[in-house]
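In terms of this note's numbering, the sequence shown opens at residue 1168 and continues consecutively. Positions of the beta carbon are idealized from the N, C-alpha and C atoms, including for glycine. Here the structure is laid out as structure tokens; the discussion comes afterwards.
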Amino acid sequence: MSSSYSSSLTLFFFFASTFLYTSSNSFNITNILNQNNEFSTFNNLLSQTGLASTINSRQTITVLALSNDAMTMFSSQSTEDNKKSLGLHIVLDYYDIKKLRSIKSVILTTLFQASGQAKGLQGFVNATVMNNGDIMFGSAVRGSGLDSKLIDSVATHPYNISVLHISSYISIMDPEGPKDHGSSSSPLPVQPPGDDDYEYDEPPSPPSSTTKPFVAAATAATAKPPSSAKDNSTTSGVSAISIPSLAFVSVISSFWFFMTVW
Ligand SMILES: *[C@@H]1O[C@H](CO)[C@@H](O)[C@H](O)[C@H]1NC(C)=O
Ligand SMILES: *[C@@H]1O[C@H](CO)[C@@H](O)[C@H](O)[C@H]1NC(C)=O
Ligand SMILES: *[C@@H]1O[C@H](CO)[C@@H](O)[C@H](O)[C@H]1NC(C)=O
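Quick look at the structure:
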């Protein structure tokens, strides 16, 4: 009785970790950017600064990629400053061209903001569809221009990762803005650091609304296996599968399947 219970637990955690593994490793920014030599400098710096693995660990992300000719500024900066600059090019939500066109103008939260090192609106990027149809990007700090232009989409895995090629890097601006000295006490909503799921002007999209229960269930599940697996060796556990435990496992795994696919 107790051995079939723990064998079903073992199987359950096997399935659970398989789903966790596949959902957290389903894209690899290094491989995506490797498809095109144009992005080799940007790609190398993402790996060098450790940002590549941060990107891969996220489920909904947009990378504003720069081609090699737009990367000259980075060669004169320290790795630490490069990490901040690159962090401003990593948006903590999924935006493809279609979504940006439909929103018209949006303030995007970046990884630099989530790092807690940004001041004022430094860690936010403004993306706006201009009257001529161009999509332009710039720092959200007031008075900064929108100088970087969307060139094209490099890759999309809908609702998880979008890689957009932009024409020039987005500078980290003085948080006070170029002229407007009163802006530090501005009433603009500045989110608490670390709360990177915050969005300004749109309701959460269906895919991201499933993220939280999924992660919560996964955390609860992974918290237990060491102790339950200890009192029964995994090899004997698998040979002792009973029909009720198989049923239990298939119910649980279809639940997981439903949660990950839906
Ligand atoms: C995409 O993201 C959702 C959560 O937003 C996640 O449940 C799903 O597993 C992810 N899919 C891929 C292919 O990464
Ligand atoms: C992503 O791909 C690179 C290059 O192929 C590899 O070195 C790295 O380990 C991969 N990362 C993950 C998380 O799979
Ligand atoms: C983005 O910047 C433009 C130009 O400065 C401004 O008109 C627009 O309101 C900004 N968008 C948002 C969402 O604040």
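- For D1263, the three-state secondary structure derived from DSSP is coil.
- For S1207, the enclosing alpha helix (DSSP H) covers residues 1207-1215.
- Non-local C-beta neighbours of S1311 in its own chain, meaning closer than 6 Å and more than five positions away in sequence, comprise G1305, M1340, ordered along the chain.
- For T1227, the shortest C-beta to heavy atom distance toward ligand 1 is below 8 Å.
- Residue burial is scored here from C-beta neighbours: Q1280 has at least 16 other C-beta atoms within 10 angstroms and is therefore classed as buried.
- Within the stretch 1281-1349, the runs of beta strand (DSSP E) at least 3 residues long that lie entirely inside it are, in chain order, 1291-1296, 1302-1306, 1315-1324, 1328-1333.
- Contact check for N1235 and N1195: beta-carbon distance about 20 Å, past the 8 Å limit, so the pair fails to qualify.
- Cβ contact annotation for H1324 (same chain, cutoff 8 Å, sequence separation greater than five): S1193, F1194, in chain order.
- At a cut-off of 8 Å, the beta-carbon of S1193 does not count as near ligand 3: no heavy atom of the ligand is closer than that.
- Per DSSP, the beta bridge partners of I1274 are N1293.
- DSSP places L1233 in the coil class of the three-state scheme, outside both helix and strand.
- Taking 9 Å as the cut-off, the Cβ atoms of L1317 and I1264 count as close.
- Between E1247 and the set K1266, L1218, N1201, R1268, the nearest pair of CA atoms involves L1218.
- Restricting attention to A1285, K1251, G1287, F1291, the CA atom closest to the CA of V1258 is found in F1291.
- By the Cβ neighbour-count rule, G1300 is exposed, with fewer than 16 other Cβ atoms within 10 Å of its own.
- Within the model, the alpha-carbon separation for V1308 versus K1251 is close to 16 Å.
- I1333 and L1313 have their C-alpha atoms roughly 12 Å apart.
- Rounded to the nearest whole angstrom, the C-alpha separation of A1294 and V1273 is 5 Å.
- Per DSSP, S1220 is one residue of the alpha helix (DSSP H) stretching across 1218-1223.
- Within its own chain, the residues whose Cβ lies closer than 7 Å to the Cβ of S1207, once the five positions on either side in sequence are excluded, are N1235, listed in chain order.
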